[in-house]
Amino acid sequence: MATADAVQALQERFPDLGIEPRPLMRYLNGKPSDQLWVRVPADRLLEVLTFLRDDERTKFEALADLGGIDYLNYPDAEDRFAVIYNLLSHTHGHRLWVKVFVNDPDPEIPSATSVWKGAEWPEREVFDMFGIRFPGHPDLRRILMPQNFVDYPLRKDYPLHGKGEREAFEVLTRDSA
Amino acid sequence: MSPVSYDLNRADVRPDEIQEDRWTLNFGPQHPATHTTLRLVLEVEGERIVGCTPDIGFLHSGFEKLAEHLDYNQYVVVTDRMNYVSPIANNIAWHAACEKLLGIEITPRCKAIRTICAELARIQDHLVCAACTGLDLGGLTAFLYGFNARETIYDLFEALTGARFTVSYTRVGGLAQDIPPGWVEKARDFVRNVLPPALKDVEALLLRNRIFIERVKGVGVISHDDAINWSLTGPIARGSGVRRDLRKDEPYLCYEDDWDRQGADAVEFKVPVAYGGDVLSRFLVRLEECRQSASIIEQMLERIPAGPINVLADEKTTLPSKREIYFSIEGVIHHFQKIMTNRGLEPPVGEAYAANETANGELGFFLASDGGRAAYRARCRPPSFINYQVFPAAIVGHQISDVPAVLNSLNIIAAELDR
Amino acid sequence: MELNRSTNETGGEFAATRLDYVVDMVKKHGINWARRNSLWPMPFATACCGIELMATGASRYDVARFGSEAMRFTPRQCDLLICAGRVVMKMLPVLQKIYIQMTEPKWVISMGACASTGGVFDTYAVVQGIDQFVPVDVYVPGCPPRPETLIEGIMAVQRIVAEDGVKTSKERGRGLGLVVQPPRQPVQLGTGFEQ
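Protein chains in written order, with numbering that gives the first Met the number 0: chain A, 0 to 176; chain B, 0 to 418; chain C, 0 to 194.
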């Protein structure tokens with residue numbers, strides 16, 4: 000069963016969302032890539048994800064990956080942030096990408112941890128790196144950066160070399176140790 | 000800026016109520032059994048673990064931010080340092096994603112060489128993991144046997160690329176250089192004469208040792224459904240009975256039929272699956288995967304097709320050969336077009352995801368391109384990061400001395416975990 | 000070797016001088032000799048260099064030949080800190096804590112490009128050289144260094160011990176700051192260049 004069938008099932012179940020499958024990529028020769036994504040509004044996300052996990056035609060039992068992206072300087076972007084869910088079906092062997100767009104200030108997306116346990120750490124990472132909050136997450140803290148760090152490093156307006164945090168430590172000399 | 004001290008003591012313990020007979024044990028971040036930098040905050044009742052909170056990020060070096068500033072060929076150097084136990088597998092996965100983004104199909108010879116390298120990397124990774132299982136449980140000898148065979152793989156990579164293990168071997172649309180003369184014989188000698196005795200030694204030392212068996216059997220059990228729900232992949236999922244291997248399910252390189260576009264068959268191999276879900280099952284899956292990889296390498300060494308290793312240079316997606324650069328003006332111009340900082344490869348605007356089955360599981364890269372020379376966003380799907388989530392669930396109820404065994408069987412590589 | 004006491008040729012104090020001679024030898028060379036050939040490293044392995052550190056300890060390179068195979072994972076038993084791999088913001092306090100816990104005399108090797116300068120990771124999270132925050136005795140270049148280079152680094156620490164003697168860090172001040180380099184001939188410049 001191909002991904003197109005899964006998208007069709009999704010369209011039949013949620014006709015009001017206006018879901019249309021789009022290829023992730025269109026090559027220079029005009030050929031679309033074989034990977035499809037759909038756009039889902041944040042407030043209906045959990046409903047859609049639960050349906051995608053449970054329905055016979057979709058059966059996405061696993062969340063292969065979850066990642067954030069900051070579309071600040073992206074050509075023709077309308078929204079600032081997106082969280083991209085990479086769904087994987089063990090039964091049918093197909094994949095689907097679900098994108099949820101959110102904006103400043105206070106970007107919030109309901110947590111998918113109730114649907115897949117595997118979403119727990121990736122969501123924490125997105126929170127750590129982009130500052131997108133996930134209401135309903137059991138333990139939403141920073142995961143990679145120190146707890147008292149204030150910025151969100153993967154946002155496009157954060158410089159590559161940081162703002163001097165890496166130099167701000169006590170110096171240990173031979174005399175002091 | 001005034002000095003900031005990141006105080007370790009106020010860090011990341013979950014504020015659960017702590018009962019009187021419970022106490023908290025800090026494990027890591029500098030601890031021999033973690034191999035690298037992990038920290039666990041264990042809640043114990045006597046010797047029994049009742050709660051576990053992993054604290055990670057002690058090696059977070061901003062890989063994904065760096066990918067937004069380095070171009071598609073430069074970043075391969077950084078991927079080497081991601082899963083540093085099997086670096087070449089990361090190279091191949093990264094450039095698989097780049098080629099998906101650019102829409103390039105690589106040449107059959109390149110596919111064959113990449114397949115061989117990917118399998119050598121798998122053996123390399125599994126050898127360390129299997130050998131260290133012994134090391135962590137107190138038997139140093141198996142480690143020495145495992146590492147001895149690994150040195151031979153280092154020699155092979157050194158002959159192939161010039162570096163022992165941070166190899167940076169792949170390029171967009173091809174490889175850095177062709178295999179040197181005599182390499183095929185050396186590789187064949189390795190899979191026939193070096194690897195089997197080493198595996199046999201490790202197996203004989205550990206699997207017939209009652210202490211070892213009792214410490215790994217039934218420890219750290221992950222059930223089949225949990226494995227899927229926690230998104231586990233690789234030997235950990237296969238040790239829990241999940242029959243999924245990207246090499247079979249979403250075939251790429253030489254694992255796919257008709258890979259040379261002239262009707263060649265895919266390589267033959269079996270995907271080992273164990274149903275115990277414990278440390279022993281994962282150990283056995285890894286050992287068997289080493290044997291299957293050896294058989295894949297042996298098949299592919301016979302079948303490396305002749306031809307170029309890079310896709311045709313007039314497609315303007317690969318670097319020209321060194322010979323062309325030195326002896327023709329077009330070659331020089333083309334070379335500068337590709338390496339200068341204001342030029343480079345220009346993929347169309349869009350996104351692509353490609354994943355490879357590496358030793359730890361599905362290593363994927365989600366690339367977004369805005370048409371520039373560097374990726375707009377390069378999200379890595381690191382298998383260690385996703386696999387490590389399950390650790391608290393797997394360890395609770397066991398003893399403190401089981402922590403190294405379970406930790407090792409998940410094969411957490413800190414650089415891949417934290418990136 | 001210089002002795003600050005009279006030798007037996009001057010006559011008179013033969014027995015006492017002989018004892019002094021032995022004590023002097025042991026003090027000056029014996030302890031240093033014993034110490035430099037049994038450096039116990041504390042492997043602070045964070046990243047890729049840690050794997051080469053493991054390879055250095057394994058059969059082929061066998062660092063036991065240089066008396067440094069006794070890797071102890073508790074800092075209080077060690078006198079040589081090998082910082083192998085990049086150190087990031089979250090890890091630096093740990094490194095400092097471990098350095099403080101080590102007993103005197105102690106030496107530090109900064110192994111690999113990342114520990115020495117930040118290497119390829121010029122990003123927000125990576126400390127650009129641990130020597131900004133922790134005193135370092137020997138820098139070992141390479142990304143990662145080959146085991147031979149690390150062994151050369153350990154031998155450089157042995158030379159420091161032989162030259163500097165057993166002094167505490169405070170007495171040693173800034174240290175020699177040796178950088179291990181592959182041995183090579185000095186470059187001969189042609190005429191018209193200042194040598």
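All residues carry an ideal CB built from backbone N, CA and C; glycine is no exception.
Residues of its chain near residue i, where Cβ-Cβ distance is below 6 Å and the 5 sequence neighbours each way are ignored
i	result
Arg85(C)	Ala46, Cys113, Phe120 and Val125
Leu9(A)	Ile18
Ile296(B)	Ile115, Glu118 and Val190
Glu77(A)	none
Val107(C)	Leu80, Val135 and Asp136
Met24(A)	Ser32
Pairwise C-alpha distance: residue j and residue i
i	j	result
Val215(B)	Gln146(A)	35 Å
Leu198(B)	Arg376(B)	41 Å
Asp53(A)	Ser222(B)	20 Å
Gln7(A)	Val97(A)	14 Å
Ser167(B)	Arg12(A)	48 Å
Ala83(C)	Gly217(B)	35 Å
Leu283(B)	Arg290(B)	11 Å
Phe268(B)	Ile142(A)	39 Å
Gly360(B)	Ala66(B)	22 Å
Val43(B)	Ala404(B)	17 Å
Pro21(A)	Val37(A)	The question names Pro, but residue 21(A) is Arg in the sequence shown. One C-alpha to the other measures close to 6 Å.
Gly181(B)	Pro104(C)	50 Å
Leu199(C)	Leu149(C)	The displayed coordinates of chain C run from 0 to 194. Any statement about residue 199(C) would go beyond what the structure contains.
Pro241(C)	Val272(B)	Summary: the structure shown does not reach residue 241(C), with chain C confined to residues 0 through 194, and so no result is reported for it.
Tyr83(B)	Tyr144(B)	20 Å
Arg80(B)	Gly396(B)	35 Å
Glu122(A)	Leu65(A)	7 Å
Asp264(A)	Tyr70(A)	Because chain A in this structure spans residues 0 to 176, residue 264(A) falls outside the shown range and cannot be described.
Lys30(A)	Pro106(A)	34 Å
Val125(A)	Asn192(B)	47 Å
Leu86(A)	Leu62(A)	5 Å
Test: residue i CB closer than 8 Å to a CB of chain A
i	result
Met90(C)	no
Gln388(B)	yes
Lys337(B)	no
Same chain, Cβ closer than 8 Å to residue i, neighbours up to 5 away in sequence not counted
i	result
Asp369(B)	Val348 and Tyr375
Glu249(B)	Ala354
Chain C contact for residue i (CB, 8 Å cutoff)
i	result
Glu150(B)	yes
Glu173(A)	This sequence places Arg at residue 173(A); Glu is not what is there. Yes - at least one Cβ of chain C is within 8 Å of the one on Arg173(A).
Gly177(A)	Past the boundaries of the shown model lies residue 177(A); chain A is included only from 0 to 176, so the question cannot be answered.
Gly161(A)	yes
Phe168(A)	yes
Arg165(A)	yes
Pro74(A)	no
Cβ neighbours of residue i in the same chain (closer than 7 Å, five flanking residues each side left out)
i	result
Gln100(C)	Pro74 and Arg75
Gly191(C)	Any reading at Gly191(C) must be qualified, since the residue scores a pLDDT of 49, below 50, and its modelled position is unreliable; no value is offered.
Val278(B)	Val215, Val218, Gly219, Ala404, Val405 and Ser408
Val49(B)	Arg21, Glu42, Val43 and Val395
Rounded Cβ spacing between residue i and residue j (contact assumed at less than 8 Å)
i	j	result
Ser87(C)	His59(B)	Inspection of the sequence shows that residue 87(C) is occupied by Val rather than by Ser. The Cβ separation is near 6 Å, so the contact holds.
His93(A)	Glu60(A)	Not confirmed; about 12 Å, so no contact.
Leu48(A)	Val114(A)	5 Å
Pro53(B)	Phe390(B)	6 Å
Ile425(B)	Ile112(B)	Not covered by the structure: residue 425(B). The range shown for chain B is 0 to 418.
Phe80(A)	Gly67(A)	6 Å
Leu204(B)	Gly133(B)	7 Å
Met41(C)	Arg71(C)	6 Å
is_contact[residue i, chain B] using C-beta, thresh 8 Å
i	result
Ile55(C)	Note that residue 55(C) is Thr in the sequence shown here, rather than Ile. Output row for Thr55(C): interface = no.
Ile68(A)	yes
His136(A)	no
Asn102(A)	no
Tyr151(A)	no
Phe43(C)	yes
Ser88(A)	no
Cross-chain neighbours of residue i in chain F, by beta carbon under 9 Å
i	result
Gln76(C)	In the displayed structure, chain F is absent; the protein chains listed are A, B and C.
By the 8 Å beta-carbon criterion, what residues does the segment 17-30 of chain A contribute toward chain C?
Cβ proximity to chain C below 8 Å picks out nothing from the segment 17-30 of chain A.
Which residues, in order along the segment 41-63 of chain A, keep a beta-carbon less than 8 Å from a beta-carbon of chain B?
Under the 8 Å Cβ criterion, the segment 41-63 of chain A contributes Glu60, Ala61, Leu62 and Ala63.
Determine which residues of the segment 42-61 of chain B have a Cβ less than 8 Å from any Cβ of chain C, and write them out in chain order.
Listed by position along the chain: Gly56, Phe57, Leu58, His59, Ser60 and Gly61.
Tell me which residues of the segment 358-382 of chain B have at least one Cβ-Cβ distance to chain A shorter than 8 Å, keeping chain order.
In summary, the residues of the segment 358-382 of chain B whose CB is separated from some CB of chain A by less than 8 Å are Glu361, Gly363, Phe365, Ala367, Asp369, Gly370, Tyr375, Arg376, Arg378 and Arg380, in the order they occur in the chain.
Can you list, in chain order, the residues of the segment 131-147 of chain C whose Cβ is nearer than 8 Å to any Cβ on chain A?
Going along the segment 131-147 of chain C in chain order, one finds Gln131, Phe132, Val133 and Pro134 with a Cβ nearer than 8 Å to chain A.
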